[in-house]
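Structure record follows, encoded as structure tokens.
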Amino acid sequence: MRIFDSTLLIIIGLLVLTSCSGQSGVIEIDRSKIGGLYEIDENGREYAFYNGKESFKLNTLTSISFTDFDQIIRMKPRFEGVYSLYFELNDIGILKFKEMTERNIGKPICFVIGNKIMAAPTVQVAIPNGQGEITIADKNTMDEMVNYLKK
476 MRIFDSTLLI IIGLLVLTSC SGQSGVIEID RSKIGGLYEI DENGREYAFY NGKESFKLNT
536 LTSISFTDFD QIIRMKPRFE GVYSLYFELN DIGILKFKEM TERNIGKPIC FVIGNKIMAA
596 PTVQVAIPNG QGEITIADKN TMDEMVNYLK K
């Protein structure tokens, strides 16, 4: 399987959550916002899922913040009721993401917006290209995510 296909499968498996209208396009990201990609760590800080049903302790020292994101694109739904954000990381983010995914094969990593976990997909393989996709199943949640990320 090609690396892109593997990456896409991992990222889709990464996040099945909620959201979006049929809009698509590049989101002008406010890189100063709190959030990004985080590893689970039993000694870390407690973060709840956006729906309040579960929580994880996350390592905030090894995170990939929004300053490490090159772009986030809101994708048109490919399936009814499934919405997604595609992301590409900058050079620093690519290296961090490769290392993070290598350390966490078989474990979840969390996509955090504000102080809420939006998705926690399980890493299947290391992802060397710094690209991923977060999928959401609720339109309102996707809209909230996009609005939070905007400048």
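Residues in the sequence shown are numbered from 476 upward in steps of one, following the numbering used here.
The C-beta atom is built at its ideal place from N, Cα and C for all residues, glycine as well.
These numbers were taken from a predicted model, which means no experiment stands behind them.
Applying the 10 Å Cβ sphere with the 16-neighbour rule, what's the burial state of leucine 568? Within the sequence shown, residue 568 is the residue found at index 93, counting from 1. Correcting the residue identity first, residue 568 is glycine in this sequence and not leucine. Looking at its Cβ environment, which holds 16 or more other Cβ atoms inside 10 Å, glycine 568 is buried.
With 16 other Cβ atoms within 10 Å as the buried cut-off, status of arginine 549: As a working mapping, residue 549 is identified with position 74 in the sequence shown. So arginine 549 counts as buried.
If contacts are defined as beta-carbon pairs under 8 Å, then proline 583 and proline 603 qualify, I think. What distance do you get, rounded to the angstrom? Counting from 1 along the sequence shown, the entry for residue 583 is found at position 108. Counting from 1 along the sequence shown, the entry for residue 603 is found at position 128. Contact check for proline 583 and proline 603: beta-carbon distance about 19 Å, past the 8 Å limit, so the pair fails to qualify.
For lysine 573, report the span of its alpha helix (DSSP H) as first-last. The residue given as residue 573 occupies position 98 in the sequence shown. Taken as a continuous stretch (DSSP letters only), the alpha helix (DSSP H) holding lysine 573 covers 566 to 578.
Are there three or more Cβ pairs, one per stretch, closer than 8 Å when the stretch 609 to 616 is compared with the stretch 573 to 580? Taking a cut-off of 8 Å for Cβ pairs, the stretch 609 to 616 and the stretch 573 to 580 do not touch, as fewer than three such pairs fall below it.
Counted within 10 angstroms of its Cβ, other Cβ atoms place aspartate 543 as buried (16 or more) or exposed: Counting from 1 along the sequence shown, the entry for residue 543 is found at position 68. Within 10 angstroms of the beta-carbon of aspartate 543 lie 16 or more other beta-carbons, which makes it buried.
Restricting to Cα atoms, I'd like to know which of Asp516, Asp566 and Thr537 is closest to serine 530. Within the sequence shown, the letter at position 55 stands for residue 530. The option with the nearest alpha carbon to serine 530 is Asp516.
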